[in-house]
Amino acid sequence: DRRAWYYDWIMTTAEAAAELRLFGLGKYFQSNYKDLRQRLRGERLQLTRRQSLAELGASLIALLIVGAALGWMVWKALQGLVTLGELALIYAAFNQGQGLMRTLLENAGQLYGNSLFLGNLFEFLALQPKICRGGPPWPPLHEVQAGITFKGVSFTYPDATSNALDDFTMTIPSGKIVAIVGPNGAGKSTLLKLLCRFYDPVKGRIEIDGRDLRDFATDDLRRLITVLFQQPFHYNTSVRENVLYGDLKLQSSDAQIQAAIRAAGAEEIVARLPQQEQTLLGRWFSGGTELSVGEWQRIALARAFLRQAPIIILDEPTSALDPWAEADWLERFRELAVGRTSIIITHRFTTAMHADVIHVMDRGRVVESGSHYGLLGLKGLYAESWSRQMMSTDYAESV
């Protein structure tokens, strides 16, 4: 049923409309939806048929019992053992008892049917979170003094067959901008998820200032971190609310919201909107204004920057920016990141080159570390990837 609902949603949502038309996927999803609905309809008809047969059988048994009871009462009356008044009284009592028994059985059936679903509900409600404080309580941190350390961390996603990280070790010094680069599947985004404690490592430790993340209360830990995710969610609310979602506990002033918008380089975008910060974004509601992918990313950056957390994690922050906008944003970001520990996960070497330290990942491990020019001098994976990316950029510009 959930799969059928998914096909229904994907065929009617605006987000998928362009691809459905371009790739001719409409009939494919229609066929899948039709097959699932026919299967569900057949299973429901089968259940209804079985229920109807059971009810028919129960009714026939009840009819036989009533017939037997009536025959017994008529036989007693013919023998003169009961009067007609007693016979009417017995018949009325029998009918009433039969009605009560029928109601009782119907209610018992409903209780049984409901218990099948309630069992799933209570089983779900009884689930305990796997992410919990593992050690003694510690007071929350408000700043990072030494840095973040990954010590021999290994991690495998649930139901996966290979490690996303394998004996991973890395140090992120406090107050520095650290870039993490590498091919797809190297484990870069996994670091973000582990640092935010969406998962715990299978082996090893992750420490902030020498304290294992598992010793923090999850709320206290996550207050230390602000994140721009690779695919930020598009909230169909006003620009102001989109930014405020970055820190609902903060009594944000207009100046703080505007500062976050400027830090994200989104002030020109907001200025062009019909009602500036009060403009409704998205197309879910009447009067909303749709943004481009890059503009949505700028709004998400402002949301991340509103939270004054000591650790900033940006996952592909410039993926939707052109080179001119990227250079402008990097200058702003260096000013914003002063005194804060910043981690940039990126495929763009033009972004990574501005970091204080660059870690190159491959197959769940760090294979190279250093500054941009230092890594170029090693003539390893970073230098090779840099050359390829620059060649492709030069070719694209020449075309």
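Using our numbering, read the sequence shown as starting at -11 and increasing by one per residue.
Even glycine gets a Cβ: it sits at the ideal position worked out from N, Cα and C.
Leaving aside the five residues that flank LEU99 on each side, none in its chain has a CB nearer than 8 Å to its CB. MET349 and ILE333 have their alpha carbons spaced roughly 11 Å apart. Where PHE273 is concerned, there is no enclosing beta strand (DSSP E), because DSSP gives it neither an H nor an E. DSSP places LEU52 in the uninterrupted alpha helix (DSSP H) bounded by 14 to 66.
Inside the segment 212 to 252, DSSP marks whole alpha helix (DSSP H) runs of 4 or more residues at positions 227 to 232, 242 to 251, from first to last along the chain. The beta carbons of PRO171 and PHE143 sit no closer together than 8 Å.
Per DSSP, reduced to three states, the secondary structure at PHE204 is coil, with no helix or strand assignment. Here LEU13 is not near ARG(-9), since their CB atoms are 8 Å or more apart. Just so you know, the alpha carbons of ILE213 and ARG32 end up roughly 49 Å apart. Using a Cβ-Cβ distance cut-off of 8 Å, the segment 314 to 326 and the segment 129 to 149 are not in contact, since fewer than three pairs of beta carbons, one from each stretch, lie closer than that value. The secondary-structure analysis by DSSP pairs VAL166 across a beta bridge with ILE331, VAL345. For GLY352, no beta strand (DSSP E) encloses it, and the DSSP letter there is neither H nor E. In terms of CA proximity to GLY327, SER162 leads the group PRO220, SER162, GLY365, PHE105. For ILE299, no alpha helix (DSSP H) segment is defined; the enclosing uninterrupted segment is the beta strand (DSSP E) at 299 to 303. With respect to the 8 Å criterion, PRO220 and TRP272 are not classified as neighbours on the basis of their beta carbons.
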